[in-house]
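Asks: In the order they appear, the protein sequences are chains R and H. In this text, residue positions in the first sequence follow the working numbering: the first is 1, and each later residue adds one. In this text, residue positions in the second sequence follow the working numbering: the first is 1, and each later residue adds one.
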Amino acid sequence: MPTSLTLPALPAVSGGFLRRLNSERISSRQIPINASASTAEARPAVVESRRPAASLYEVLRLEKNASPTEIKSAYRSLAKLYHPDAAVQRRPEHNGDCEDFIEIRNAYETLSDPSARAVYDLSLMAALGGRNRRFARSLSMNYSSGFNPTRRWETDQCW
Amino acid sequence: MLNSLPMFLLMIIYVKSMYEYDTKWGMAEPAAYTVASDSETTGEEKSSSFPEIAIGVDIGTSQCSVAVWNGSQVELLKNTRNQKMMRSYVTFKDDIPSGGVSSQLSHEHELLSGATIFNMKRLIGRVDTDPVVHSSKTLPFLVQTLDIGVRPFIAALVNNMWRSTTPEEVLAIFLVELRALAEAQLKRPIRNVVLTVPVSFSRFQLTRIERACAMAGLHVLRLMPEPTAVALLYGQQQQQASHDNMGSGSEKIALIFNMGAGYCDVAVTATAGGVSQIKSLAGSTIGGEDLLQNMMSHLLPDSESLFKSHGVKEIKLMGLLRVATQDAIHRLSSQTSVQVDVDLGDGLKICKVVDRDEFEEVNKKVFKKCESLIMQCLQDAKLEVEDVNDVIIVGGCSYVPKVKNLVTNIFKGKELYKGMNPLEAAVCGAAVEGAVASGINDPFGNLDLLTIQATPLAIGIRADGNNFVPVIPRNTTMPARKDVVFTTIRDNQTEALILVYEGEGKKAEENHLLGYFKIVGIPAAPKGVPEINVCMDIDASNVLRVLVGVVMPGSRQPAIPVMEVRMPTVDDGHGWCAESLNRTYGATLDLVTLQKKA
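Right under this line is the structure:
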């Protein structure tokens, strides 16, 4: 399949142009799966996680103040849904794609390590501080409940 | 009957069916071609939901077994002699090979003729510079090396003629017999298998195993490192013990130590709610065979020089010594000292009392290595000895008192996990995985299991001089995708050589060469400017793809088309490849890692 690279490059959560390229390419052949997944499973998360998720907490469907035990158990439950092996079992039409699980795993790796989590929380604050417009806006749009981003009047105004 | 056919006939049948497959599907849908090519296990094939349950197969260095999920539990299949464990050997006779699954003759007797080939799991996918191949020269058949990095020459003595064979062929003969056994008992054709493999197997060795399966007409659904199959079985047992602890809190950590005749593997797994996360893996090519060889040279110090000529007489001598030593080691498991009495012929007699201390002293290095594997595994999992809830010892060597002691000593006298048959645990785990991976649902939730695997070896490229720079470190959870950015080492460098290695060595050549390709057309620029992004992707079926893209700073577009290469591409003769690449290109096309800008 020829890969087109005309997509206006989004600043992904963690960079690397090949990752963008990959997720773009894989998601293009993923479309029918997404549709069927949303009917098969209660959580419409397959579709959601296609876009760069707003935060690692969102990836694991957690509140920002989740405890380490909650993080671990969220990772397990999500692995049971999105690990390619489990996904094949639950949704036979699943084609063994790994994107979702890798994203879940990366989020878990950061959040399960106390020091990495602290650094990440700080960077999340900084991002919300307004350096990155797209990031901040998607957060504010997506989160109606739960964790309330530290938005200030100035940041809203200057963008 | 399939198992009475000579291998070459099987090959013809196989090639013929492949040919028909290709011509049938190749025209209409070119994409289907990859599914048909022999050793490939593509993820796509998995999706077309098989109604059949894949069988679990454990081809050990000395014994093999087959098991299947029978709908409510794992059942080990027995051969006509009512054995669950079958000896892994093949005897060549008048061009008709017969394996340990079906054949009736006693192993010990056949050892002496030179017509019996065994220990092939130790030799598969190895080149003749490998020390493991060299130590296999004392086997009572022909293992010849040229020491240039090609596959060794292996032959059986049939009617005073050396008949050449390969490890793949020998394994395929077992697999054909195991398949026939399973088909006869389950009364259905068998195509899908889950096979257990040692942790330390390189990707090249895995392709050789897949090749052997393809030769036997089997499709590999999954190749599972042995301790992770045990981990899955442990996960199932924990799940059955407490159905109500889904997810949270009650996570159990187990360390699995598996030592068979050929390999030693260690894994640390964290299990809760049927999900087993493999936290770390470690493995090495040490096992019962090393204990045996060390003991043989202890009993007959000049054995190696005696065996050099590989004549009929020497083979018989080697066979006799091997059988007597093996017997002594077995008896030393229950006795503290044993009498070895063997007449090797030609006036050569061994008459000696060997005690357990002597045996342990002779094999000191092997036991040291076992300890270091366990320590490394715990360290990689970032765990202390106290964090481990269960210690599981499996494999044939678990009967050796010293092995049991060294493990319990590390865990400060902790009682070992009971409830697993040391010889059957791996094949049972493979059978459970076979059922899970075939998409079988169990009404009682006994198959509501998931094993999240980790990569046993690091994968990376040669860069920063002659160094190995891992892109995917070892013990990375699979499926995985990681990338590292490299750059050119000289001004206007327009080409770069990507050498993909797998292993743990710091220097590139200490690792296993998986493949290589050249990036051409890098835009001319000062050194350090082009960004060469090397991305490695391992999917859930453990297929490795390497993607390389070149970006110039300030541009979002790749400067040249991205290269995507499926590994391994090196088929044979790794020693040759690495050396001649080095000779031809030297450091002219090298890369260095690009320091991340803040």
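Backbone N, C-alpha and C define an ideal beta-carbon position, used for all residues, glycine too. Computed from a predicted structure; not experimentally measured.
When you check each C-beta in the stretch 188-206 of chain H against every C-beta of chain R, which residues fall closer than 8 angstroms?
Replies: none
Asks: For H:S222, collect the residues of the same chain with a Cβ closer than 7 angstroms to its Cβ; drop the 5 residues on either side in sequence, then sort them by chain order.
Replies: As a position in the second sequence, residue 222 of chain H is number 222, starting the count at 1. A small correction: the amino acid at residue 222 of chain H is Arg; Ser does not occupy that position in the sequence shown. Counting only Cβ-Cβ distances below 7 angstroms, and skipping sequence neighbours, we find V194, E433, A437.
Asks: Would you kindly work out how many angstroms separate the C-alpha atoms of H:V469 and H:R462, rounded to a whole number?
Replies: Translated into the one-based positions of the second sequence, residue 469 of chain H becomes position 469. Translated into the one-based positions of the second sequence, residue 462 of chain H becomes position 462. Computed Cα separation, rounded: 6 angstroms.
Asks: Round the Cβ separation of H:A212 and H:E183 to the nearest angstrom and send it over; I've been treating them as touching at under 8 angstroms.
Replies: Against the second sequence, residue 212 of chain H aligns to sequence position 212. Against the second sequence, residue 183 of chain H aligns to sequence position 183. At roughly 18 angstroms, the Cβ-Cβ gap does not stay under 8 angstroms, so H:A212 and H:E183 are not in contact.
Asks: Is the beta carbon of H:C377 closer than 8 angstroms to that of H:S284?
Replies: For this step, residue 284 of chain H is matched to residue 284 along the second sequence. For this step, residue 377 of chain H is matched to residue 377 along the second sequence. No. Outside cutoff.
Asks: In three-state terms, what does DSSP make of R:N34?
Replies: As a first step, residue 34 of chain R is located in the first sequence; it is residue number 34 there, counting from the start. Reliability fails at R:N34, whose pLDDT of 34 lies under 50, so the model's placement of it is uncertain and the value that follows must be treated cautiously. Of the three classes helix, strand and coil, the one that applies to R:N34 here is helix, per DSSP.
Asks: Report the neighbours of H:V275 on chain R: residues whose CB is nearer than 7 angstroms to its CB, in chain order.
Replies: Counting from 1 along the second sequence, the entry for residue 275 of chain H is found at position 275. The answer, in chain order, is R76, A79, K80.
Asks: Can you round the beta-carbon distance between H:N475 and H:D343 to whole angstroms, since I take them to be within the 8 angstroms contact cut?
Replies: The residue you call residue 475 of chain H lines up with position 475 of the second sequence. The residue you call residue 343 of chain H lines up with position 343 of the second sequence. The Cβ separation is near 50 angstroms, so there is no contact.
Asks: Can you confirm whether H:I472, when its beta carbon is compared against all beta carbons of chain R, has any partner nearer than 8 angstroms?
Replies: Within the second sequence, residue 472 of chain H is the residue found at index 472, counting from 1. Residue-level contact check: H:I472 does not touch chain R, since none of the beta carbons of chain R fall below 8 angstroms from its beta carbon.
Asks: Residues of chain H with CB closer than 8 angstroms to the CB of R:I102, please, in chain order.
Replies: The residue you call residue 102 of chain R lines up with position 102 of the first sequence. Under the 8 angstroms cutoff, chain H gives P479, A480, R481.
Asks: For a test of the three-state rule: what should DSSP assign to H:L2, helix, strand or coil?
Replies: For the purposes of this step, residue 2 of chain H is taken as residue 2 along the second sequence, with counting starting at 1. Confidence is the limiting factor: at H:L2 the pLDDT is only 43, short of 50, which leaves the residue's position unreliable and the question unanswerable from this model.
Asks: Of all the options H:T61, H:V74, H:F118, which has the alpha carbon lying nearest to the alpha carbon of H:A430?
Replies: Here the question's residue 430 of chain H lines up with position 430 in the second sequence. With distances taken between Cα atoms, H:A430 lies closest to H:V74.
Asks: Would H:V266 pass as a contact of H:P225 if the rule is Cβ separation under 8 angstroms?
Replies: Residue 266 of chain H sits at position 266 when you count from the first residue of the second sequence. Residue 225 of chain H sits at position 225 when you count from the first residue of the second sequence. In this structure, H:P225 does not lie closer than 8 angstroms to H:V266 by Cβ.
Asks: Answer with yes or no whether the minimum CB distance from H:P30 to chain R is below 8 angstroms.
Replies: As a working note, residue 30 of chain H is residue 30 in the second sequence. Bear in mind that a pLDDT of 37 at H:P30, under 50, signals an unreliable position, so the number given afterwards is only what the model happens to contain. Taking Cβ atoms only, chain R never reaches closer than 8 angstroms to H:P30, which makes this a no.
Asks: Does any C-beta atom of chain H lie closer than 8 angstroms to the C-beta of R:D85?
Replies: For this step, residue 85 of chain R is matched to residue 85 along the first sequence. So, interface residue.
Asks: Does R:R105 come within less than 8 angstroms of chain C when only Cβ atoms are used?
Replies: No chain C is present in this structure, whose protein chains are R and H.
Asks: Thinking C-beta only, is H:C370 closer than 8 angstroms to H:M259?
Replies: For the purposes of this step, residue 259 of chain H is taken as residue 259 along the second sequence, with counting starting at 1. For the purposes of this step, residue 370 of chain H is taken as residue 370 along the second sequence, with counting starting at 1. Yes, these two residues count as a Cβ contact at 8 angstroms.
Asks: Give me the Cα-Cα distance between R:A54 and R:L124, rounded to the nearest whole angstrom.
Replies: Locating residue 54 of chain R in the first sequence gives position 54, where the first residue counts as 1. Locating residue 124 of chain R in the first sequence gives position 124, where the first residue counts as 1. Taking the straight line joining both Cα atoms gives about 10 angstroms.
Asks: Relative to chain R, which residues along the stretch 447-463 of chain H have a C-beta separation below 7 angstroms, given in chain order?
Replies: L450, I452
Asks: Quick one: does H:E75 have its CB under 8 angstroms from some CB of chain R?
Replies: For the purposes of this step, residue 75 of chain H is identified with residue 75 of the second sequence, where counting begins at 1. For H:E75, the answer is no, since every Cβ of chain R falls outside 8 angstroms of its Cβ.
Asks: Do H:L233 and H:M420 have their CB atoms nearer than 8 angstroms?
Replies: Here residue 233 of chain H refers to the residue found at position 233 when the second sequence is read from its first residue. Here residue 420 of chain H refers to the residue found at position 420 when the second sequence is read from its first residue. Their beta carbons are under 8 angstroms apart, which means H:L233 touches H:M420 by this criterion.
Asks: What are the partner residues of H:R566, as DSSP defines its beta bridges?
Replies: Taking the first residue of the second sequence as position 1, residue 566 of chain H is located at position 566. The partner list for H:R566 (beta bridge, DSSP) reads H:R545.
Asks: Have a look at H:E504 and H:A587 and give me their C-alpha separation to the nearest angstrom.
Replies: As a first step, residue 504 of chain H must be located in the second sequence, where it is residue number 504. As a first step, residue 587 of chain H must be located in the second sequence, where it is residue number 587. Going by the C-alpha atoms only, they are around 22 angstroms apart.
Asks: Would you call H:F444 buried or exposed, if buried means 16 or more other Cβ atoms sit within 10 Å of its Cβ?
Replies: Counting from one through the second sequence, the residue named residue 444 of chain H turns up at place 444. Label assigned to H:F444: exposed.
Asks: Go ahead and pull the three-state DSSP assignment for H:G345.
Replies: Here the question's residue 345 of chain H lines up with position 345 in the second sequence. H:G345 falls in the strand class under three-state DSSP.
Asks: Would H:D442 pass as an interface residue toward chain R - the criterion being a Cβ-Cβ separation below 8 angstroms?
Replies: By 1-based counting over the second sequence, the position of residue 442 of chain H is 442. H:D442 does not count as touching chain R.
Asks: Can you tell me whether H:S62 is helix, strand or coil according to DSSP?
Replies: For the purposes of this step, residue 62 of chain H is identified with residue 62 of the second sequence, where counting begins at 1. Coil.
Asks: Comparing C-alpha positions only, which one of H:K418, H:A261, H:M296, H:D94 sits nearest to H:N159?
Replies: Indexing the second sequence from 1 puts residue 159 of chain H at position 159. Closest option to H:N159, Cα to Cα, is H:D94.
Asks: Does R:K64 get closer than 8 angstroms to chain H when you measure Cβ to Cβ?
Replies: Within the first sequence, residue 64 of chain R is the residue found at index 64, counting from 1. Taking Cβ atoms only, chain H never reaches closer than 8 angstroms to R:K64, which makes this a no.
Asks: Taking the alpha helix (DSSP H) that H:Y501 falls in, what are its first and last residues?
Replies: Along the second sequence, one-based indexing puts residue 501 of chain H at 501. Careful: H:Y501 lies outside any alpha helix (DSSP H), inside the beta strand (DSSP E) at 496-503.
Asks: Where does H:A31 sit, in a helix, a strand or coil, going by DSSP?
Replies: In the second sequence, the residue the question calls residue 31 of chain H occupies position 31. Only weak support exists for where H:A31 lies, its pLDDT of 33 falling under 50; the value from the coordinates is given anyway. It is helical.
Asks: Is there a C-beta anywhere in chain R that falls below 8 angstroms from the one on H:E251?
Replies: In the second sequence, the residue the question calls residue 251 of chain H occupies position 251. By this cut-off, H:E251 is an interface position.
Asks: If you measure beta-carbon to beta-carbon, which residues of the stretch 537-566 of chain H are closer than 9 angstroms to chain R?
Replies: Those would be D537, I538, D539, A540, S541, L547, V548, G549, V551, R556, Q557, P558, P561, V562, in chain order.
Asks: Does the distance from the CB of H:V471 to the CB of H:V565 come in under 8 angstroms?
Replies: Counted from its first residue, the second sequence places residue 471 of chain H at position 471. Counted from its first residue, the second sequence places residue 565 of chain H at position 565. Against a cut-off of 8 angstroms, the Cβ pair of H:V565 and H:V471 comes out as no contact.
Asks: Please identify, using Cβ separations under 8 angstroms, the residues of the stretch 426-438 of chain H that lie next to chain R, in order along the chain.
Replies: V436, A437
Asks: Using a Cβ-Cβ distance under 8 angstroms, would H:A272 count as near chain R?
Replies: By one-based count along the second sequence, residue 272 of chain H stands at place 272. Taking a beta-carbon distance threshold of 8 angstroms, H:A272 counts as an interface residue toward chain R.
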